[in-house]
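J.:
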Amino acid sequence: MRTRWGQRAGRLFLLPIILLGPTWLATGRADAQPADQQAQRLLASRCSVCHSTDLIQQQRLPRDRWEATVDKMAHWGAQLDKEEAALLTDFLATYFHPEAGPVVVLPAASPPVQADQESGTTPAPGWAAARGAALYKQNCLPCHGEAGSGGVGPKLARNPILTQADRFRTTVSQGRGAMPPWGAMLRPQEIADIHAWLNTLRD
Amino acid sequence: MTSHEGPGITRRSLLAGAAGGLALALTGGRLPSPAEAAEPGADDQTADQPLITHVARPLDAETPCQVFTQYLTPNDRFFVRSHFGPPALESVAPSVWRLSVAGLVERPLSLSLNDLSTFDEITVTAVVQCSGNGRAFHSPKAPGVQWEQGAVGNANWTGVRLRDVLQRAGLKAQARHLQLQGADRPVVASVPLFTRSIPLKKALHPDTILAMRMNGAPLPLLHGGPLRLITPGWMADSCVKWLTDLTLQEEEAGGYYMQTAYRYPSRPVKPGEVIAPQDLKPVEAMVVKSVIAFPQQGAILSPGAIMVQGVAWTGEGRIVTVEVSTDDGKTWEQARLVGDEAPYAWRQWRFLWRTRGSGRRAILCRATDDRGQVQPMASPWNPGGFLWNGWDHVQVQVRET
Numbered sequence: 001m002r003t004r005w006g007q008r009a010g011r012l013f014l015l016p017i018i019l020l021g022p023t024w025l026a027t028g029r030a031d032a033q034p035a036d037q038q039a040q041r042l043l044a045s046r047c048s049v050c051h052s053t054d055l056i057q058q059q060r061l062p063r064d065r066w067e068a069t070v071d072k073m074a075h076w077g078a079q080l081d082k083e084e085a086a087l088l089t090d091f092l093a094t095y096f097h098p099e100a101g102p103v104v105v106l107p108a109a110s111p112p113v114q115a116d117q118e119s120g121t122t123p124a125p126g127w128a129a130a131r132g133a134a135l136y137k138q139n140c141l142p143c144h145g146e147a148g149s150g151g152v153g154p155k156l157a158r159n160p161i162l163t164q165a166d167r168f169r170t171t172v173s174q175g176r177g178a179m180p181p182w183g184a185m186l187r188p189q190e191i192a193d194i195h196a197w198l199n200t201l202r203d
Numbered sequence: 001m002t003s004h005e006g007p008g009i010t011r012r013s014l015l016a017g018a019a020g021g022l023a024l025a026l027t028g029g030r031l032p033s034p035a036e037a038a039e040p041g042a043d044d045q046t047a048d049q050p051l052i053t054h055v056a057r058p059l060d061a062e063t064p065c066q067v068f069t070q071y072l073t074p075n076d077r078f079f080v081r082s083h084f085g086p087p088a089l090e091s092v093a094p095s096v097w098r099l100s101v102a103g104l105v106e107r108p109l110s111l112s113l114n115d116l117s118t119f120d121e122i123t124v125t126a127v128v129q130c131s132g133n134g135r136a137f138h139s140p141k142a143p144g145v146q147w148e149q150g151a152v153g154n155a156n157w158t159g160v161r162l163r164d165v166l167q168r169a170g171l172k173a174q175a176r177h178l179q180l181q182g183a184d185r186p187v188v189a190s191v192p193l194f195t196r197s198i199p200l201k202k203a204l205h206p207d208t209i210l211a212m213r214m215n216g217a218p219l220p221l222l223h224g225g226p227l228r229l230i231t232p233g234w235m236a237d238s239c240v241k242w243l244t245d246l247t248l249q250e251e252e253a254g255g256y257y258m259q260t261a262y263r264y265p266s267r268p269v270k271p272g273e274v275i276a277p278q279d280l281k282p283v284e285a286m287v288v289k290s291v292i293a294f295p296q297q298g299a300i301l302s303p304g305a306i307m308v309q310g311v312a313w314t315g316e317g318r319i320v321t322v323e324v325s326t327d328d329g330k331t332w333e334q335a336r337l338v339g340d341e342a343p344y345a346w347r348q349w350r351f352l353w354r355t356r357g358s359g360r361r362a363i364l365c366r367a368t369d370d371r372g373q374v375q376p377m378a379s380p381w382n383p384g385g386f387l388w389n390g391w392d393h394v395q396v397q398v399r400e401t
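Protein chains in written order, with this note's numbering: chain A, 1 to 203; chain B, 1 to 401.
1) Rounded to the nearest angstrom, what separates A:Lys-82 and A:Cys-143 at their Cα positions?
2) Going along the stretch 47-79 of chain A in order, which residues come within less than 7 Å of chain B, judged by CB to CB distance?
3) Taking 6 Å as the limit between beta carbons, can you name the residues of its chain near A:Trp-66, skipping five residues before and five after?
4) The alpha helix (DSSP H) with A:Asp-71 in it runs from where to where?
5) With DSSP run on the structure shown, which of helix, strand or coil describes B:Asp-340?
6) Cβ atoms of B:Leu-246 and B:Val-101: under 8 Å apart, would you say?
7) Quick one: measure Cβ to Cβ for B:Val-402 and B:Arg-361, integer angstroms, because I've assumed they're closer than 8 Å.
8) With B:Val-322 and B:Ala-367 assumed to form a contact (beta carbons below 8 Å), what rounded beta-carbon distance in angstroms separates them?
9) May I ask you to verify whether the stretch 220-237 of chain B touches the stretch 282-293 of chain B, counting CB pairs closer than 8 Å and requiring at least 3?
10) Using C-beta distances below 8 Å, list every residue in its chain close to B:Thr-331, excluding the 5 sequence neighbours before and after it, in chain order.
11) Report the partner residues of B:Gly-159 according to the DSSP bridge assignment.
12) For the putative contact between B:Leu-180 and B:Leu-243, defined by C-beta atoms under 8 Å, what is the C-beta separation to the nearest angstrom?
13) Identify every run of the beta strand (DSSP E) within the stretch 183-235 of chain B, keeping only runs that are complete inside it and at least 3 residues long; order them along the chain.
14) Going by C-alpha distance, which of B:Thr-73, B:Thr-69 and B:Ser-82 is nearest B:Ala-56?
15) Under 8 Å by Cβ, that's how I've got B:Gly-384 and B:Ala-261 pegged, so tell me the actual separation to the nearest angstrom.
16) Output needed in chain order: residues of the stretch 151-164 of chain A with a Cβ under 9 Å from some Cβ in chain B.
17) Expressed to the nearest angstrom, what Euclidean distance is found between the alpha-carbon atoms of A:Ala-129 and A:Arg-187?
18) Looking only at DSSP bridge pairs, what is B:Ile-319 linked to?
19) Could you check the C-alpha separation between B:Ile-52 and B:Trp-391 for me, to the nearest Å?
20) Throw me the rounded Cβ distance for the B:Leu-200 and B:Leu-178 pair, which I believe falls under 8 Å.
21) Is there contact here, the stretch 143-158 of chain B with the stretch 61-69 of chain B, by at least three beta-carbon pairs under 8 Å?
22) Determine the DSSP secondary structure at B:Asp-327, reduced to helix, strand or coil.
23) Is A:Ala-165 closer than 8 Å to A:His-195 when the C-beta atoms are compared?
24) Is there a Cβ of chain B sitting closer than 8 Å to that of A:Ala-178, yes or no?
25) Please determine, among B:Arg-318, B:Met-214 and B:Ile-292, the residue with the shortest C-alpha to C-alpha distance to B:Gln-309.
26) Step through the CB atoms of chain A and report whether any lies within less than 8 Å of the CB of B:Val-405.
27) Give me the Cα-Cα distance between B:Gln-395 and B:Gln-373, rounded to the nearest whole angstrom.
28) If we cut at 8 Å on Cβ distances, does A:Pro-98 have a partner in chain B?
29) According to DSSP, is B:Pro-99 helix, strand or coil?
30) Would you call the CB atoms of B:Leu-222 and B:Arg-228 closer than 8 Å?
31) Take A:Leu-156 and list the residues in its own chain whose beta-carbon comes closer than 6 Å to its own, dropping the five residues that flank it on each side.
32) Can you give me the C-alpha to C-alpha distance between B:Glu-250 and B:Leu-109, rounded to a whole angstrom?
33) Buried or exposed: which applies to B:Met-307, given that a residue is buried once 16 or more other Cβ atoms fall within 10 Å of its Cβ?
34) Please report the straight-line C-alpha distance between A:Val-105 and A:Ala-39, rounded to a whole angstrom.
35) What's the call for B:Gly-134, buried or exposed, on a 16-neighbour Cβ count within 10 Å?
36) Would you list the one or two residues that DSSP bridges to B:Leu-109?
Structure (structure tokens):
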């Protein structure tokens, strides 16, 4: 019993941190793995459709419980294919395991470097919009629907915000309300590509 | 509420996006916004926050313990538990609101709020507590919102007896369970609805009420307004909010939220053990419990006499003793039960603690009810992390200031 109280006492002084909610801190650690990056994108694009991700970050579960949870969520409508589910489960089991303690430090999310974009060749016309379509599907579709038709998030096709490039960029990169901020996960060029694609949509 | 420039914004996005803003307008107080709640490294201001947010959307937020120095928990400081968040405002307007009573009844009813007010009015003071309150203290951890002490409150609930309404509909002999459905809906239709049921015996209990007022005010939207069920003595998973549909039936409600979630093993289980479905029963009555409201966790106190304060409650019985220990549970002394005693309300208690020496001290408390239930040091582990009622404790520093 002694040890039990001892352990608790140690925990108790961390309580104010727990109570404030942030159990997910990003740091500037440079060695972020691509899989970790992708998992964080999945959390933002697929897992925050129905609830904010604080519900996920406050869990401390063993791998089998994470598997069961991700499975349940997919069953309920989280849009994940098998590979994405496995990658996400791996990430959750690595960072949010039972011994993780009250504060979990995650690698900083940063947009992946695209070799083809750095190469300096002039893209063919329509290239940006094509890239944008793929990025939209990955990151925005679960909330904004097929062809920007709307869903949990507002309709984006022919949305007046498309006529204001600056507002579009800041809204997407900083997030708003239930929309996660994309600034740490998408490069300005990628946000511009999504914008270019949205501009091609008609209704 | 949040501003929405988009022309194509749906009701759902509005709800989801404005959860924080809605909360503000609807409890009549200020709630932490999702942005604030997610702010890492903010100062420890939990004491001044109306509620401590665990999930920003849909809102799950608990009451800071020091609010429990009051007998009645104010509406804007009462914990909020959401499965999907409140329904759209237009769907709960008094002009459109209907309560349907159907299934195994002689005369199906569709009642407006005005119709309901023709039944006898009744007020019950009752504790409402989330089944997962204290989940964070279970070891190993159980999945779900990591509530600590504050997913509980004590309020005056005013409304009409459920029994009276059911009797007007006339029950058929086969009716055994009452299914409960509220107007809240998930953002994605493939998510199961929060459909619950209670056995007929509880439904016909004269203290089970359809509540329309909370602490004298119209029931706030976040707390289930215009109408929620109150099942005094039972955990809040039965206290369905935004109640629109009562269905009398032979069987318990089906679906995830009745058949899988909110169930508790009927025998002791080991963490990770596979439990047969027939060994899992719905969470119903509350268990005996007490918490410390003063002093606060981490408080720095001058040596001398300190009035420790708290509350204690139980399910369908009365609190008979509350004990306090200031030596890590080696010895216990009785606290004084004070204030009102009402069947389903909590009991306030006080304990005059004369500090000895200085340094870090833990204050523990435990309650006992008239059925011989004693609050244990730690509650039995269960897969859902329900019914935590382990001894409460706060750590303080005693030192000359």
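By construction, the Cβ of each residue, glycine as well, lies at the ideal position given by its N, Cα and C atoms. Bear in mind the structure is a predicted one, so any value in this text is a computation, not a measurement.
T.: With the structure as the only source:
1) On the first sequence, residue 82 of chain A is found 82 positions in, with the first residue counted as 1. On the first sequence, residue 143 of chain A is found 143 positions in, with the first residue counted as 1. Each residue's Cα considered, the two are about 20 Å apart.
2) Val-49, Cys-50, His-51, Ser-52, Asp-54, Leu-55, Gln-58, Gln-59, Arg-60, Leu-61, Arg-65, Thr-69, Trp-76 and Gly-77
3) For the purposes of this step, residue 66 of chain A is taken as the residue at position 66 of the first sequence. Closer than 6 Å at the Cβ level, and outside the excluded window around A:Trp-66, lie Thr-89, Leu-92 and Ala-93.
4) The residue you call residue 71 of chain A lines up with position 71 of the first sequence. Here the alpha helix (DSSP H) through A:Asp-71 covers 63-76.
5) Mapped onto the second sequence, residue 340 of chain B falls at position 340. If DSSP states are grouped into helix, strand and coil, B:Asp-340 belongs with coil.
6) One-based indexing of the second sequence puts residue 101 of chain B at position 101. One-based indexing of the second sequence puts residue 246 of chain B at position 246. Yes, these two residues count as a Cβ contact at 8 Å.
7) Residue coverage of chain B in this structure runs from 1 to 401, which leaves residue 402 of chain B outside it and unanswerable.
8) As a first step, residue 322 of chain B must be located in the second sequence, where it is residue number 322. As a first step, residue 367 of chain B must be located in the second sequence, where it is residue number 367. At roughly 5 Å, the Cβ-Cβ gap stays under 8 Å, so B:Val-322 and B:Ala-367 are in contact.
9) yes
10) Taking the first residue of the second sequence as position 1, residue 331 of chain B is located at position 331. Correct list, in chain order: Ser-325.
11) Indexing the second sequence from 1 puts residue 159 of chain B at position 159. According to DSSP, which records beta bridges pairwise, B:Gly-159 is partnered with B:Ile-122 and B:Ala-211.
12) By 1-based counting over the second sequence, the position of residue 180 of chain B is 180. By 1-based counting over the second sequence, the position of residue 243 of chain B is 243. So it is a contact: roughly 6 Å between Cβ atoms.
13) 195-199, 209-214 and 228-230
14) Looking up residue 56 of chain B in the second sequence gives position 56. Closest by alpha carbon: B:Ser-82.
15) Numbered from 1 along the second sequence, position 384 holds the residue referred to as residue 384 of chain B. Numbered from 1 along the second sequence, position 261 holds the residue referred to as residue 261 of chain B. The pair is a contact, with the Cβ atoms about 7 Å apart (cut-off 8 Å).
16) Gly-151, Val-152, Gly-153, Pro-154, Lys-155, Leu-156, Ala-157, Arg-158, Asn-159, Pro-160 and Ile-161
17) Against the first sequence, residue 129 of chain A aligns to sequence position 129. Against the first sequence, residue 187 of chain A aligns to sequence position 187. Distance between the alpha carbons of A:Ala-129 and A:Arg-187 is about 15 Å.
18) Start at 1 with the first residue of the second sequence, and residue 319 of chain B comes out as number 319. B:Asp-369.
19) Counting from one through the second sequence, the residue named residue 52 of chain B turns up at place 52. Counting from one through the second sequence, the residue named residue 391 of chain B turns up at place 391. Rounded to whole angstroms, B:Ile-52 to B:Trp-391 spans 21 Å at the Cα level.
20) For the purposes of this step, residue 200 of chain B is taken as residue 200 along the second sequence, with counting starting at 1. For the purposes of this step, residue 178 of chain B is taken as residue 178 along the second sequence, with counting starting at 1. Sure, about 6 Å apart at Cβ, within 8 Å.
21) yes
22) For the purposes of this step, residue 327 of chain B is identified with residue 327 of the second sequence, where counting begins at 1. Residue state, collapsed to three classes: coil.
23) Position 195 of the first sequence holds residue 195 of chain A. Position 165 of the first sequence holds residue 165 of chain A. Cβ distance < 8 Å, so A:His-195 and A:Ala-165 count as in contact.
24) Taking the first residue of the first sequence as position 1, residue 178 of chain A is located at position 178. Answer yes: the Cβ-Cβ gap between A:Ala-178 and chain B drops below 8 Å somewhere.
25) Within the second sequence, the letter at position 309 stands for residue 309 of chain B. Residue B:Ile-292 is the option with its Cα nearest to B:Gln-309.
26) In this structure chain B extends from 1 to 401, so residue 405 of chain B is not present and cannot be described.
27) As a position in the second sequence, residue 395 of chain B is number 395, starting the count at 1. As a position in the second sequence, residue 373 of chain B is number 373, starting the count at 1. The alpha-carbon atoms of B:Gln-395 and B:Gln-373 are separated by roughly 26 Å.
28) Counted from its first residue, the first sequence places residue 98 of chain A at position 98. At least one chain B Cβ lies under 8 Å of A:Pro-98.
29) For the purposes of this step, residue 99 of chain B is taken as residue 99 along the second sequence, with counting starting at 1. A small correction: the amino acid at residue 99 of chain B is Leu; Pro does not occupy that position in the sequence shown. Three-state DSSP puts B:Leu-99 in a strand.
30) As a first step, residue 222 of chain B is located in the second sequence; it is residue number 222 there, counting from the start. As a first step, residue 228 of chain B is located in the second sequence; it is residue number 228 there, counting from the start. No, they are not a contact pair.
31) Here the question's residue 156 of chain A lines up with position 156 in the first sequence. If we look at A:Leu-156 and ignore the five residues flanking it on each side, its Cβ neighbours are His-144, Gly-148 and Leu-198.
32) For the purposes of this step, residue 250 of chain B is taken as residue 250 along the second sequence, with counting starting at 1. For the purposes of this step, residue 109 of chain B is taken as residue 109 along the second sequence, with counting starting at 1. About 19 Å.
33) Counting from 1 along the second sequence, the entry for residue 307 of chain B is found at position 307. B:Met-307 should be labelled exposed.
34) Position 105 of the first sequence, counting from 1, holds the residue named residue 105 of chain A. Position 39 of the first sequence, counting from 1, holds the residue named residue 39 of chain A. So the two alpha carbons sit approximately 15 Å from each other.
35) Taking the first residue of the second sequence as 1, we reach residue 134 of chain B at position 134. Label assigned to B:Gly-134: buried.
36) Looking up residue 109 of chain B in the second sequence gives position 109. B:Val-101.
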